[in-house]
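Before any comments, here is the structure.
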Amino acid sequence: MCSARVDTSFVLEALRRGADGVLIAGCRLGECHYHDGNYQALQRVNVLKGVLERIGIDPGRVKIVWCAASEGEIYAQDLREFIGELKAIGPIGTELRKSKKEPAEEPIEGKSGPDGGRAEKTGIKAIGEHEVQGR
Amino acid sequence: MPIGVYVCHCGLNIAGVLDVEELKSFAEKLPDVAVARELQFSCSDIGQEQIQKDIAELNLDRIVVAACSPRLHEPTFRRAIAKAGLNPYMLEMANIREHCSWVHMDQPAMATEKAKDLIAMAVAKAALLQPLEQEQIPVNKDVLVVGGGVAGIAAALDLADAGFHVFLVERRPTIGGYMALLTDVFPTNDCSICVLGPKMSEVFNHPNITLYTYSEVLGVEGSVGNFTVSGVHRARYVDPVLCKGCINECADVCPVEVPNEFDFGIGKRKAIYLPYPQAVPLSACVDPKACIGCGRCVESCPTQAVKLDQVAEHFKINVGAIIVATGWQPFDATRKEEYGFGRFRDVVTTLQIERMLNASGPTKGDIVRPSTGEVAQSIAFLQCVGSRDATIGNIYCSRICCMASLKNAQLIAEKYPGSDITIYYIDIRAGGEGYEEFYMRAQMLGINFVRARVSRIEEVDGDIYLIFEDTQTGEIKRVRHDIAVLSVGLEPDENADVLGNLLGLSRRPDRFFEIAHPKMRPVEAHIDGGFIAGCASGPKEIPISIAQGSAAAAKAIRLLQKGFLNLEPTSAYVDPDLCIRCKLCVDVCPQRAIAVKSPAYVDEAACKGCGSCAAACPVDAIKMRLFSDEQILAQIRAATGRDISHPVPHQCPQHPGDVFSAGGHQLRPGSPATGC
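Protein sequences appear in the order of chains H and G.
At position 38 of the first sequence (counting the first as 1) the number is 38 in our numbering, and the numbers step up by one without a gap.
So the number in our numbering is just where the residue sits in the second sequence, counting from 1, plus 135.
Written as structure tokens, this is what we have:
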């Protein structure tokens, strides 16, 4: 399976379900295991970032990185960096609340409901669902 | 759909970090799970029997094994459940070892929570598994070997002797690789070309080998069992059938003289040349960059073999397997500017010394100072030039340089008794059979060993001086030598990049091609039907390269000898009712395996299961048999269903986490992320 297999709906579903970010790791550019799938993945991520921005979600929540199957250390480093970036952005939904200028709610930690109650609290469920169903 | 979940201890590999009992209780409560058990070693006979027993007694119809990487034991468990009557694809593995216990050793509580997510994801996917059948396809039994060095020669001869037809493609005008250029070889000091030469001519004369020298592979299409390879046979401007290899007739009249790359620049050759006297095929070759087209060689050739109007010929061959034996190239010593290679004439490399020591080399076996032409009395060997050196990006040991310098020092000491020979080393690495004895023999011959990494070489009045710290005495020294031999390391041949990209071979951080498993699959590439032998997968001595060539041949025979292959059902397929004929899938398919004949159709034998088309299809008409949208979405929902505070990897056959954990790196928890 290739990084080009990552359907944008997978990423949106993860965010809709409360993931704070999605990291996609592909082979180094020019060294695709299949041929050029990582370029396709890159294009898709770029388009997706634009979509996220338009619906008010920080595009920094989706990141694509390159590491060969042997480069575990680079993968770990990328993951650490991404986690740092996500911490700066805040839990999923932070940016939506900021844009609506609502008073900050308590951090999303609840566990009511099948998805830990994240989606309801963040208010992005509808957006995410719309995108997923729209495919 | 009763699901059985088996949580493996893997001795202490998993149970030493994760709370397996808690994982078992967690799994029991997951939807559709009929039974959950802990197993000491699930891959053992006892573990497999327990799974088979449960399938029979509890009517389980799908199995989740939470253990190691599926790259290791998925085939084991597929066989096990097939024996118990289940379809082998009704198995899902949760990798709680490489992706969890090995990378989070110092955070057992968090790791146990992550393992729960991985198991929940596997159970969610397992509920959606479908029985799949392997397809049988006929295979081409011919094999392509790329690279005519000693590894490629060993592979080609073993295959040919076993009755398989081999196409051997070599970039240079002769086969033999670097081994053919060496003088004697360690640790027995037998003459290199004397042992390799007969093998080279055996390749040339073997009825089962088609030899393409001076040729390169330009394209590879298809997949395991049925590759179509296109290549070019560059013009030699000499008919190899007519040429008798006499070379004097043509080269003597040629007016152009250039440095000989087969002597690494210390000798000269003409524009029409024979690489070396034992070259195979024994045919001259015209260097098109040097030739001025005067035509004197054409007139002087007694057999009219020189054809300056020859053109490159393209060829196309069909093979079932490809052995990559593209070898290495010496480290470019000019990158270590402080040693003055290329500026100071008396600074040479190991390969230049090898050619000097070679009886058929440019100096006919004499070690001479290039600046004066006199026999060198004082010789310095500098170890680890281009190896174990982070400043030039090569932190690896090249394995053979210590032994090569010990060998050359011995040859010089025997030929010129009384000469002053010093080896400057960081550590002497003599870790092979008979190697330590060889090292001791060098010491007994009076060769000096100085533990130092030389910091720089300077030239004053035509003499060279080494400046270094003797790390055993702590003194900074400046010592004169007649010549300094840079023991250059091995780097992957950059000409192999084209083939590597065509085949989609993975590379290690040191840029050598990566093998499928660092221990268990030493000559197999990540791609099916691809094998790697010799220095293409890292620096190696000659005997190991030969062993790998033979091993790759054996693996290729094992793959092809039945004449057919069972294909993994990883392919994509089209739901014709949903297809809107937009042809986006045709554009993204790297295998060109999709045609839109109203509606789209996937050639499943050619499909490699990358899934690009499934992601690109705007109406979800393309489905994957092994990783369907529904299965992946179910995994995402399972991963995000619980509170997550750690990264959750989605399984991918080539996930860096596998190798990552083998390297002992540790991940730290943080915010969530899911993806593959």
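Where a beta carbon is used, it is the ideal one built from N, C-alpha and C, also for glycine.
Residue closest to residue i, alpha-carbon to alpha-carbon, out of the options
i: Gln545/G; options: Glu571/G, Gln578/G, Ser522/G, Ile457/G; result: Gln578/G
i: Pro437/G; options: Thr498/G, Asp374/G, Asn529/G; result: Asp374/G
i: Glu604/G; options: Arg613/G, Ile181/G, Asp596/G; result: Arg613/G
i: Ile457/G; options: Ser747/G, Asn361/G, His341/G, Ala735/G; result: Asn361/G
i: Lys91/G; options: Pro394/G, Asp632/G, Asn701/G; result: With chain G covering only 136 through 811, there is no way to say anything about residue 91/G.
i: Glu862/G; options: Val359/G, Ala406/G, Thr484/G, Pro627/G; result: Since the first and last residues shown for chain G are 136 and 811, residue 862/G lies out of range.
i: Cys714/G; options: Lys758/G, Glu739/G, Arg490/G, Ala688/G; result: Lys758/G
i: Leu417/G; options: Thr309/G, Gly635/G, Ser533/G; result: Thr309/G
i: Lys442/G; options: Cys429/G, His449/G, Lys451/G; result: Cys429/G
i: Asp180/G; options: Ala215/G, Pro210/G, Ile198/G, Ala191/G; result: Ala215/G
i: Arg760/G; options: Ala773/G, Glu739/G, Cys752/G; result: Glu739/G
i: Val281/G; options: Lys249/G, Leu517/G, Ala668/G; result: Ala668/G
i: Ala671/G; options: Asp596/G, Phe584/G, Pro465/G; result: Pro465/G
i: Ala750/G; options: Val200/G, Glu649/G, Gly462/G, Val721/G; result: Val721/G
i: Pro678/G; options: Val200/G, Gly284/G, Asn148/G; result: Gly284/G
i: Trp237/G; options: Gly357/G, Cys378/G, Leu147/G; result: Leu147/G
i: Glu629/G; options: Cys742/G, Ser622/G, Asp467/G; result: Asp467/G
i: Ile186/G; options: Ile530/G, Met655/G, Ile407/G, Ala219/G; result: Ala219/G
i: Phe161/G; options: Arg213/G, Asn222/G, Leu253/G; result: Leu253/G
i: Cys67/H; options: Gly26/H, Arg97/H, Asn38/H, Met1/H; result: Gly26/H
Alpha-carbon spacing of residue i relative to residue j, whole angstroms
i: Ala769/G; j: Gly698/G; result: 39 Å
i: Asn230/G; j: Lys276/G; result: 36 Å
i: Ser435/G; j: Pro390/G; result: 13 Å
i: Gln512/G; j: Arg588/G; result: 22 Å
i: Asn543/G; j: Thr608/G; result: 26 Å
i: Ala515/G; j: Ile592/G; result: 11 Å
i: Ala14/H; j: Ala261/G; result: 19 Å
i: Ala460/G; j: Arg716/G; result: 43 Å
i: Gln766/G; j: Arg16/H; result: 17 Å
i: Pro412/G; j: Ser495/G; result: 8 Å
i: Lys732/G; j: Cys32/H; result: 28 Å
i: Ser336/G; j: Val415/G; result: 7 Å
i: Ala447/G; j: His368/G; result: 6 Å
i: Ile547/G; j: Ile502/G; result: 8 Å
i: Thr363/G; j: Thr606/G; result: 56 Å
i: His144/G; j: Gln43/H; result: 42 Å
i: Cys235/G; j: Leu695/G; result: 37 Å
i: Leu153/G; j: Gly664/G; result: 38 Å
i: Cys432/G; j: Tyr551/G; result: 40 Å
i: Gly380/G; j: Glu351/G; result: 23 Å
i: Arg371/G; j: Tyr574/G; result: 44 Å
i: Ser747/G; j: Ile602/G; result: 57 Å
i: Val581/G; j: Gln439/G; result: Residue identity differs from the one stated: residue 581/G is Gly in this sequence, not Val. Gly581/G and Gln439/G: Cα-Cα distance of roughly 54 Å.
i: Ala76/H; j: Phe299/G; result: 45 Å
i: Asp7/H; j: Leu279/G; result: 37 Å
i: Thr247/G; j: Ser177/G; result: 19 Å
Closer than 8 Å: residue i CB and nearest the ligand GTP heavy atom
i: Gly93/H; result: This structure does not include the ligand GTP; it has no bound ligands of any sort.
DSSP bridge partner residues for residue i (one or two, in chain order)
i: Ala730/G; result: Tyr736/G
i: Lys612/G; result: Phe603/G
i: Lys451/G; result: Ser365/G
i: Glu711/G; result: Here residue 711/G turns out to be Pro, not Glu, going by the sequence shown. Bridge partners of Pro711/G: none, in fact.
i: Tyr559/G; result: Leu517/G, Val585/G
i: Glu53/H; result: DSSP lists no partner for Glu53/H.
i: Lys63/H; result: Leu23/H
i: Asp325/G; result: Val320/G
Cβ-Cβ separation, residue j to residue i (assumed contact under 8 Å), whole Å
i: Ser540/G; j: Ser533/G; result: Incorrect: roughly 11 Å between the Cβ atoms, too far for contact.
i: Ala619/G; j: Ile599/G; result: 6 Å
i: Pro205/G; j: Met228/G; result: 4 Å
i: Arg646/G; j: Pro627/G; result: 5 Å
i: Tyr349/G; j: Cys426/G; result: Actually they are not in contact, since the Cβ atoms of Tyr349/G and Cys426/G sit about 15 Å apart, beyond 8 Å.
i: Gly475/G; j: Glu549/G; result: Contact doesn't hold; Cβ gap of about 29 Å is too wide.
i: Leu700/G; j: Ile272/G; result: 6 Å
| said: Within 8 Å, do at least three Cβ pairs link the stretch 337 to 348 of chain G to the stretch 296 to 311 of chain G? | reply: yes
| query | Pairing CB atoms from the stretch 82 to 94 of chain H with CB atoms from the stretch 20 to 32 of chain H, are three or more of them under 8 Å? | reply | yes
| Is there contact here, the stretch 472 to 487 of chain G with the stretch 375 to 388 of chain G, by at least three beta-carbon pairs under 8 Å? | no
| query | Below 8 Å, can you find three or more Cβ-Cβ pairs linking the stretch 165 to 182 of chain G to the stretch 190 to 199 of chain G? | reply | yes
| query | Should the stretch 277 to 290 of chain G be regarded as contacting the stretch 196 to 216 of chain G, the criterion being three or more beta carbon pairs within less than 8 Å? | reply | no
| So, do the stretch 319 to 336 of chain G and the stretch 565 to 576 of chain G have three or more beta carbon pairs nearer to each other than 8 Å? | yes
| Is there contact here, the stretch 628 to 646 of chain G with the stretch 550 to 558 of chain G, by at least three beta-carbon pairs under 8 Å? | no
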